[in-house]
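**Q** Handing you this structure, nothing more for now.
Residue numbers (the working numbering): 351 to 475.
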């Protein structure tokens, strides 16, 4: 979890920020299926976060099927965890970002063909 920032003033609970940062690291390939993620103690010490808060965030990812606990060993990315993390992020994008984008585009007078052309142009490598 390099270049991680937790923001007490963001309004988002810290345990969710921990879960989101780990999920983003899984999506980015920092942690791949089967990889061990940093321990609760390691994260809490490095970022000065209460261990119970870190554990709550990690347990959220266990519930989502991204991490699994291995007794005496730690937490590991599940088989298919990266795919599930990506699917979850895509669904979040579709439900939260796209509607705002479309609403604003309509308000600004873009038509579908214009948007399609802009998206195709931006999508090029």
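Heads up, the beta-carbon is just placed ideally off N, CA and C, and yes, glycines get one too.
#1: Looking only at DSSP bridge pairs, what is residue 386 linked to?
#2: Looking only at DSSP bridge pairs, what is residue 419 linked to?
#3: Tell me whether the beta-carbon of residue 429 lies closer than 8 Å to the beta-carbon of residue 383.
#4: So residue 376 packs on residue 431, CB below 8 Å; how close in whole Å?
#5: Between the C-alpha atoms of residue 456 and residue 475, what's the straight-line distance to the nearest angstrom?
#6: Confirm, please, whether the CB-CB distance from residue 371 to residue 426 is below 8 Å.
#7: When the Cα atoms are used, what is the spatial distance from residue 438 to residue 459?
#8: Give me the Cα-Cα distance between residue 434 and residue 440, rounded to the nearest whole angstrom.
#9: Looking at the secondary structure, which residues open and close the alpha helix (DSSP H) in which residue 371 lies?
#10: Residue 403 and residue 368 look like a contact to me (Cβ under 8 Å); what is the Cβ gap, rounded to whole Å?
#11: Leaving out five residues before and five after residue 419 in sequence, what residues of the same chain have Cβ atoms less than 7 Å from its Cβ?
#12: If I'm right that residue 405 touches residue 390 with Cβ under 8 Å, what's the distance once you round it to whole angstroms?
**A** Taking the geometry as given:
#1: 426
#2: 425
#3: yes
#4: 6 Å
#5: 27 Å
#6: no
#7: 31 Å
#8: 10 Å
#9: 364 to 378
#10: 7 Å
#11: 412 and 425
#12: 5 Å
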